[in-house]
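Each remark here refers to the structure printed beneath this line.
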Amino acid sequence: MSKVLYVKANPKTRENSYTFKMSEAFVDEYQKANPKDEITTLDLYQEDIKPLTAEMIGELFTQEDSDVRRYVKQFANADKYIIAAPMWNLSVPAILKVYIDYLVVAGVTFKYTEEGPVGLLKDKKVTYLVARGGKYSESPAQDFEMGERYLRTILGFIGITDFTTVSTELTNVLQGEELEKSVAASIEEAKRGAKEF
Numbered sequence: 001m002s003k004v005l006y007v008k009a010n011p012k013t014r015e016n017s018y019t020f021k022m023s024e025a026f027v028d029e030y031q032k033a034n035p036k037d038e039i040t041t042l043d044l045y046q047e048d049i050k051p052l053t054a055e056m057i058g059e060l061f062t063q064e065d066s067d068v069r070r071y072v073k074q075f076a077n078a079d080k081y082i083i084a085a086p087m088w089n090l091s092v093p094a095i096l097k098v099y100i101d102y103l104v105v106a107g108v109t110f111k112y113t114e115e116g117p118v119g120l121l122k123d124k125k126v127t128y129l130v131a132r133g134g135k136y137s138e139s140p141a142q143d144f145e146m147g148e149r150y151l152r153t154i155l156g157f158i159g160i161t162d163f164t165t166v167s168t169e170l171t172n173v174l175q176g177e178e179l180e181k182s183v184a185a186s187i188e189e190a191k192r193g194a195k196e197f
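Note that the sequence shown ends on residue 197 in full-length UniProt numbering; no numbers are left out.
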């Protein structure tokens with residue numbers, strides 16, 4: 001049995017979010033294929049998550065039993081991660097970056113060595129589901145895309161290199177039936193990915 005952490009980083013509802021339409025379909029399909037797996041949903045907009053203060057940083061790195069460590073403990077104990085976050089201003093919503101600041105903890109998710117830092121979360125995998133208003137998966141706008149790049153880099157830093165992205169794009173460009181078909185195709189891609197996750 002695997003422990004799956006489903007991280008939601010969007011204030012919108014499923015009905016109003018292309019990201020959540022994909023991610024909820026992914027989760028539903030995954031549950032069908034893996035009924036014994038345990039899925040925990042963490043909706044960052046329902047959490048009282050705040051940017052780290054100097055005091056909290058001190059606790060995060062020195063006090064193993066501190067409540068500040070609850071997110072990193074939960075994250076480290078999971079086997080798989082589903083991250084649902086739209087592209088905002090070329091990156092991810094700020095609340096997701098705040099959350100990740102709680103996760104990158106020396107001695108818990110990575111360690112320092114003489115050769116450089118080494119990630120400790122090995123043999124884990126993540127699927128990132130994202131809606132983008134424009135076309136950022138290929139040139140010329142690909143260079144502007146920093147959300148997937150950031151997540152792939154920071155999670156790789158802590159050892160998670162099995163990283164898959166499912167995206168729906170042009171949500172601010174396409175209209176009507178064309179948009180519906182595009183989103184539906186992305187949902188089907190998400191469902192296929194869930195069966196192999």
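No residue lacks a Cβ here, since even glycine has one placed at the ideal position from N, Cα and C.
None of the values given here were measured: they were computed from a predicted structure.
Original post:
Taking buried to mean at least 16 other C-beta atoms within 10 Å of its own C-beta, is Gly107 buried or exposed?
Top reply: exposed
Subject >> Supposed close pair Leu42, Ala76 - CB separation, criterion 8 Å >> reply: The Cβ separation is near 14 Å, so there is no contact.
**OP:** Kindly list the residues whose CB is nearer than 8 Å to the CB of Asn10, restricted to its own chain and excluding five residues on each side of it in sequence; keep chain order.
**Re:** The beta carbon of Asn10 sits closer than 8 Å to the beta carbons of Ser17, Thr19, Phe20, Tyr45, Ala84, Ala85, Pro86 and Pro93 from its chain, once the five residues preceding and following it are set aside; these are given in chain order.
Original post:
Val126 by DSSP, collapsed to three states: which one?
Top reply: Residue state, collapsed to three classes: strand.
**OP:** Please state whether DSSP places Ile82 in a helix, a strand or coil.
**Re:** strand
**OP:** Express the C-alpha separation of Tyr99 and Tyr71 in angstroms, rounding to a whole number.
**Re:** 8 Å
Original post:
Who are the near neighbours of Ala33 in its chain, counting only those whose CB is closer than 7 Å to its CB and skipping five residues on each side?
Top reply: Ala194 and Lys195
Subject >> the segment 21-29 touching the segment 172-190, judged by at least three CB pairs closer than 8 Å >> reply: yes
**OP:** Would you grab the beta carbon distance between Phe145 and Leu90 for me? Rounded to a whole angstrom, and I think it's under 8 Å.
**Re:** It should be pointed out that residue 145 corresponds to Glu in this sequence rather than to Phe. Their Cβ separation, rounded to whole angstroms, is 7 Å, which keeps Glu145 and Leu90 in contact under 8 Å.
**OP:** Would you mind listing the alpha helix (DSSP H) stretches within the segment 108-165 that are 4+ residues and don't spill past its ends, in chain order?
**Re:** 147-157
**OP:** Could you check the C-alpha separation between Asp37 and Met1 for me, to the nearest Å?
**Re:** Taking the straight line from one Cα to the other gives about 5 Å.
**OP:** Pair every Cβ in the segment 127-141 with every Cβ in the segment 52-64, then say whether three or more of these pairs are closer than 8 Å.
**Re:** no
Subject >> Sheet register partners of Asp43 (DSSP bridge) >> reply: When DSSP reads this structure, Asp43 sits in a beta bridge with Lys8.
**OP:** Sort Asp67, Leu52 and Thr127 by Cα distance to Val8 and report the nearest one.
**Re:** For clarity, residue 8 is Lys in the given sequence; the question names Val instead. Lys8 has its Cα closest to that of Thr127, out of Asp67, Leu52 and Thr127.
**OP:** Below 8 Å on the Cβ atoms is my guess for Gln142 versus Tyr150; work out the distance and round it to an integer in Å.
**Re:** With a beta-carbon spacing of about 14 Å, Gln142 and Tyr150 fall beyond the 8 Å limit used to define contacts.
Original post:
Is Lys3 helix, strand or coil by DSSP?
Top reply: strand
Subject >> Cβ pair Phe157, Gly116 closer than 7 Å >> reply: no
Original post:
Which word fits Ile57, buried or exposed, when buried means at least 16 other C-beta atoms lie within 10 angstroms of its C-beta?
Top reply: Classification of Ile57: exposed, given that the 10 Å Cβ count is below 16.
Subject >> Candidates Thr53, Tyr81, Tyr6 and Thr168: closest to residue 254 by CA position >> reply: The requested residue 254 does not occur in the structure, where the chain is confined to residues 1 to 197.
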